[in-house]
Structures are given as structure tokens and as C-alpha cells.
Amino acid sequence: MSSPPGPSFFHTFFEPTTHRAFDGVAAYVARKYQPETDDPLCVEVVRGEPVPSTLVAHPPPGFVLEKPASVSRTLRVYRQLSKSRLTFLVVLSGMMGYALCPAALCVPTALPSVIRLLALAGGMTLCSASANALNQIIEAPYDAQMARTKARPLPRRAIVPAHAFAMASASAVTGVAILASLVNPLTAALGAANIVLYSFIYTPMKRMSIVNTWVGAIVGGIPPLMGWASCTGTLNHWTDAAGWILGAILYAWQFPHFNALAHVTGNEYARGGYRMMAVTNPPLNQRVAVRYALLLIPLCSIALPMTQTVEPLAYGILSLIPNLGLTWAALRFYRKPSEATARFCFRLSLVHLPAVML
């Protein structure tokens with residue numbers, strides 16, 4: 005027969021009175037620290053007791069607290085998302101296509117020509133802003149890895165992706181609607197096509213193949229066609245040759261301009277995982293810049309004067325000066341590739357474009 009069980013360890017050292025003492029302490033703690041609300045989002049601090057320093061969140065080194073959003077700050081972020089300088093060049097090239105079109109080829113509309121011109125400028129601005137914003141949304145993770153782009157709105161978290169996408173979508177819809185209703189459907193279709201081509205074809209292709217440079221050049225050649233089409237409403241007649249040649253000039257100009265820039269920022273592109281000629285095949289990058297700089301000479305001095313939309317002799321000779329200058333800069337870049345020659349070619353291309361267009 006086994007002996008009856010003795011008192012447990014707990015009963016040996018703790019009397020029933022101690023149980024009651026523990027119950028009293030538990031009730032006191034429950035009353036003292038009972039939350040005033042069941043809302044899990046409401047964080048309380050016990051009055052009269054300091055918060056332990058270990059519970060205080062300290063920002064990491066280099067952390068900069070963004071200021072609360074304001075109208076001016078939001079507009080500034082929108083301007084950065086739209087790449088205002090690039091958008092200005094896009095609209096300027098569209099205006100050149102509009103100005104180049106002879107009055108005899110302009111299709112009469114119920115709206116005054118000034119309204120049509122303003123609608124063209126506004127619609128192109130919004131379409132370009134949308135494409136650039138979508139580009140930054142897609143490339144935000146890679147922009148954060150490059151010194152040249154890490155200060156853009158999305159990498160520095162000045163705006164959330166959903167807000168940026170809403171801005172891009174509203175700009176696209178409004179821009180295409182303005183072009184369709186106040187200009188013509190063809191110009192609106194070109195604007196919509198350029199948004200898709202730049203954002204969803206060129207942008208992903210930058211990480212796949214060096215062919216992205218040629219695709220991106222097409223994007224740059226479409227705005228002059230939009231300007232021309234805003235006047236004529238067509239692009240399929242022989243009389244539209246000048247518009248196509250103007251687009252070809254912008255297409256060719258992209259290569260000495262961008263290839264020189266890519267040489268300077270090649271390490272940044274490599275860090276971001278972009279497949280650019282300057283990264284994968286630098287000699288080809290330099291040769292292509294020279295080829296298209298040379299192509300600009302016959303396009304400006306022969307092809308465009310033959311359309312009779314410009315003064316043949318005057319434009320043919322005057323355009324030769326900036327074209328020869330750009331070709332010389334591209335040849336320097338080809339023969340002695342360096343950051344200095346690449347920067348010189350890039351900066352000269354910025355002067356070359358308005359010199360040829362105006």
C-alpha cells in the first residue's frame with residue numbers, strides 16, 4: 005500500500021493567505037495598467053512614469069524626416085516626376101513640327117489656331133509627364149542604387165508609388181483627351197503610343213538588351229510628328245515628307261547626345277543593372293555616336309530642303325555649321341574616349357538641337 009501523497013511543493017512554502025496576497029497584487033496591477041481604450045492604434049503612456057530609453061525609437065544615421073505635404077511641395081514633386089527639362093525639350097520639338105508645316109497644308113478647324121497650338125502644348129506636356137512618371141515608378145528600385153538618380157522622389161520616399169501612379173494616370177488620360185478633343189485623333193493616338201512605348205517597352209528593355217537605345221530614339225522622334233500631324237491630320241501623303249524628315253533628325257540626334265551621356269554615367273548604369281552600349285560594348289557606343297552625327301548632315305542639308313518647307317540654300321548651309329560641330333565632337337569622343345570628350349559631345353548636342361531647329 006502506498007502512502008497518501010504529502011503536501012505539494014507550493015503548499016509547503018506558500019500559505020493560503022499568500023494566495024490571497026497574490027490575488028490582491030494581480031487585481032491592483034490590472035486596475036493600474038488597464039487601458040483606457042480597446043483601440044489597438046491608440047498608444048498610451050503611463051502618466052507620471054518616464055518611458056524607458058530602450059523603448060524610444062531613434063532614427064538611423066542619415067535619416068531625414070520629410071516635411072508634411074503641402075501644395076507647393078506636392079507640385080514640386082510632380083515637376084520632378086515629370087522631368088520638367090526633358091518635357092520642355094519634347095514640347096519644343098513638337099512646336100517645331102507645328103511651325104514647319106506650311107499654312108497651305110493645315111486642315112481648317114472650328115477652333116482658332118492659337119487654341120489648337122495651346123492644346124497641343126498642354127496635351128504633349130501631360131503625355132510626357134505621364135511617361136516620365138511611369139518610368140520612375142518602374143525604375144525606383146534601381147534608381148535607389150545610383151548616385152545620379154537616388155535623389156528622385158520615389159527613391160527618397162517623397163511620394164508613395166500609388167500617389168505617383170495616380171498622378172501619371174491622370175496626366176495620361178487628360179493629355180490624350182485634350183489632344184483628341186481639341187487637336188485631332190491622330191495626334192492623340194501618337195501621344196498615347198509614345199506613353200506606352202516609353203514606359204512599357206523602352207523602360208523594361210533597358211535591362212535586357214542594348215537595342216533599347218534604338219527604341220528610345222523612336223520615342224524622341226515622335227514629338228515632331230505630333231506637331232506636324234496637329235496641322236495636317238495625316239502622315240500618309242507625300243506632302244507629309246517634311247514631318248517624317250524632322251522626326252528622323254530628332255531620331256538621329258539622340259545617339260550622339262545619349263551615347264556621350266551614357267559614357268559618363270556608365271558605372272552608374274552598370275551598378276543599376278542596365279544593359280547599355282557604354283557598359284557592354286564601349287567601342288560600339290562611340291562608333292554609333294559618330295554614325296548618326298554624320299547622318300544629320302544629309303538630313304538637314306539635303307533631305308529637308310528638298311521638301312521646300314525651308315529656304316533650301318540658306319537652311320542647307322546654315323545647318324551645316326552646327327552639324328559639322330557635332331560631328332567633330334563625336335569624332336573626338338570616338339578617337340579619344342574619355343569623360344572630358346564625352347561631356348563635351350553631350351553639351352554641344354544641347355546647343356546643336358535648338359540651333360538646327362530654330
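Taking my numbering, the leading residue of the sequence shown gets 5, the next gets one more, and so forth.
Positions of the beta carbon are idealized from the N, C-alpha and C atoms, including for glycine.
Residue i vs residue j beta-carbon contact at 8 Å
i      : j      : result
Thr91  : Asn136 : yes
Ala176 : Ser134 : yes
Arg279 : Gln149 : no
Ala256 : Ala266 : no
Ala172 : Ile141 : yes
Thr236 : Cys110 : yes
Thr191 : Leu122 : no
Whole-angstrom C-beta distance between residue j and residue i, which should lie under 8 Å
i      : j      : result
Leu183 : Ala168 : 23 Å between Cβ atoms; not a contact.
Ala333 : Leu354 : Going by Cβ atoms, the distance from Ala333 to Leu354 rounds to 11 Å, so no, they are not a contact pair.
Thr284 : Ile214 : 6 Å
Arg120 : Ser234 : 7 Å
Ala162 : Val81  : 5 Å
Leu115 : Leu186 : 6 Å
Thr207 : Leu130 : Incorrect: roughly 19 Å between the Cβ atoms, too far for contact.
Same chain, Cβ closer than 7 Å to residue i, neighbours up to 5 away in sequence not counted
i      : result
Pro228 : Ser97, Gly98, Met100, Gly101, Gly247, Leu250, Gly251 and Leu254
Pro309 : Pro316, Tyr319 and Gly320
Ala1   : With the chain covering 5 to 362 only, the question about residue 1 has no answer from this structure.
Phe18  : Confidence at Phe18 is low in this model, with a pLDDT of 46, below 50, so its placement is unreliable and the value that follows should be read with caution. Cβ neighbours of Phe18 beyond the five flanking positions: none.
Gly126 : Ile182
Leu357 : Trp257
Buried or exposed (CB count within 10 angstroms, at least 16 for buried), residue i
i      : result
Val292 : buried
Ala107 : exposed
Ala346 : buried
Thr22  : Low confidence applies to Thr22: its pLDDT is 48, below 50, so where it sits in the model is not reliable, and the reading given next is rough at best. Exposed.
Asn240 : exposed
Cys349 : buried
Phe14  : For Phe14, the pLDDT reaches just 46, beneath the cut-off of 50, and the residue's location in the model is therefore unreliable, leaving the point undetermined.
Ser342 : exposed
Leu45  : Confidence at Leu45 is low in this model, with a pLDDT of 49, below 50, so its placement is unreliable and no value can be given for it.
Chain-order list of residues whose beta-carbon lies under 8 Å from that of residue i (same chain, five-residue window excluded)
i      : result
Met212 : Arg279
Asp147 : Gln140, Thr153, Lys154, Arg156, Leu158, Pro159 and Gly276
Ala344 : none
Close beta carbons around residue i, own chain, < 6 Å, minus the five adjacent residues each side
i      : result
Leu138 : Ala172 and Ser203
Met361 : Met100
Gln84  : Pro157
Touching by the beta-carbon criterion (3+ pairs, under 8 Å), the segment 264–271 and the segment 303–319: Judged by Cβ distances under 8 Å, the segment 264–271 makes no contact with the segment 303–319, as fewer than three pairs qualify.
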